[in-house]
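The structure under discussion appears below in the form of structure tokens.
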Amino acid sequence: AQSVSQHNHHVILSEAASLELGCNYSYGGTVNLFWYVQYPGQHLQLLLKYFSGDPLVKGIKGFEAEFIKSKFSFNLRKPSVQWSDTAEYFCAVNAENYGQNFVFGPGTRLSVLP
Amino acid sequence: EAGVAQSPRYKIIEKRQSVAFWCNPISGHATLYWYQQILGQGPKLLIQFQNNGVVDDSQLPKDRFSAERLKGVDSTLKIQPAKLEDSAVYLCASSQFHSPLHFGNGTRLTVT
């Protein structure tokens with residue numbers, strides 16, 4: 001069965017600090033990878049996605065993620081966070097042999113201090 | 001495009017009562033999902049529909065949960081009878097083939 005782990009439960013940063021959130025999955029086949037963000041009081045929104053091609057993908061609001069197949073990882077990065085990035089971040093995996101089934105990680109809460 | 005619509009936004013019920021949630025996906029999206037998100041956890045798939053057929057309901061507690069998607073569009077999720085541990089946010093999402101999920105705002109259920 002697919003599973004997704006996220007390294008940190010809660011990350012606290014000051015504005016302008018760099019961010020890296022870890023995500024690892026357990027599936028050896030072809031995968032599609034996603035990061036979703038949930039701002040306080042809002043619904044889950046897509047931040048970025050990887051289907052194929054360049055393993056470094058860029059998303060909205062200056063976020064990027066790198067797919068490293070050998071490490072089963074899809075870490076999320078941002079060079080300089082803002083207070084408005086305070087949110088919960090979820091990594092999700094869709095393994096192509098599992099059809100349209102999306103499995104989510106437990107989430108990482110990011111708090112950015114002004 | 002209009003997003004995924006869910007109602008109600010909030011529901012408070014007593015244990016052993018029944019409750020139903022409604023979802024209208026994005027027009028043209030064949031796949032519809034119901035997820036349960038318990039506080040502090042990631043969304044967990046309850047059931048996945050492709051048009052009006054069930055693709056995956058392996059994690060749906062079928063003794064108390066039921067879902068249907070008549071005519072392959074709207075869907076309802078029902079809990080009967082509810083337990084305290086059913087307190088969670090129930091998320092509906094839809095997608096097209098080989099595309100990301102689009103989520104609704106969710107229904108926050110509190111069982112007392």
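Just so you know, the protein sequences line up as chains A and B, in that order. So the first sequence is residues 1 to 114, counted in our numbering. So the second sequence is residues 1 to 112, counted in our numbering. Glycine residues also receive a C-beta, built at the ideal position from the N, C-alpha and C atoms. Bear in mind that the values here come from a model prediction, so they are computed numbers and not experimental data.
DSSP-derived helix/strand/coil call for residue i
i: Leu84(A); result: Note that residue 84(A) is Ser in the sequence shown, not Leu. Ser84(A): helix per DSSP, three-state reduction.
i: Leu77(B); result: strand
i: Glu85(B); result: helix
i: Ser70(A); result: helix
i: Leu70(B); result: helix
i: Ile13(B); result: strand
i: Ile12(A); result: strand
i: Asn97(A); result: helix
i: Lys58(A); result: strand
i: Gly22(A); result: coil
i: Val4(B); result: coil
i: Tyr27(A); result: coil
Own chain partners of residue i with C-beta closer than 6 Å, once the 5 adjacent residues on each side are dropped
i: Val37(A); result: Gln45, Leu47, Ala87, Tyr89
i: Glu64(A); result: Lys58, Arg77
i: Asn8(A); result: Thr108
i: Ser14(A); result: Leu113
i: Thr31(B); result: Gln50, Ser95
Chain C residues whose Cβ lies nearer than 8 Å to that of residue i
i: Thr31(B); result: This model lacks chain C altogether; the protein chains it does include are A and B.
Identity of the residues DSSP links to residue i by a beta bridge
i: Gly107(A); result: According to DSSP, which records beta bridges pairwise, Gly107(A) is partnered with nothing at all.
i: Asn75(A); result: Glu66(A)
i: Lys49(A); result: Phe34(A)
Status (buried if at least 16 other CB within 10 Å, exposed otherwise) for residue i
i: Arg16(B); result: exposed
i: Gln6(B); result: buried
i: His98(B); result: exposed
Same chain, Cβ closer than 8 Å to residue i, neighbours up to 5 away in sequence not counted
i: Gln2(A); result: Tyr25, Ser26, Tyr27, Val93, Ala95, Tyr98, Asn101, Val103
Own chain, CB closer than 7 Å to residue i, minus 5 neighbours either side, in chain order
i: Gln51(A); result: Position check: residue 51(A) holds Phe in this sequence, whereas Gln was assumed. Once the five neighbours on either side are set aside, the close Cβ partners of Phe51(A) are Asn32.
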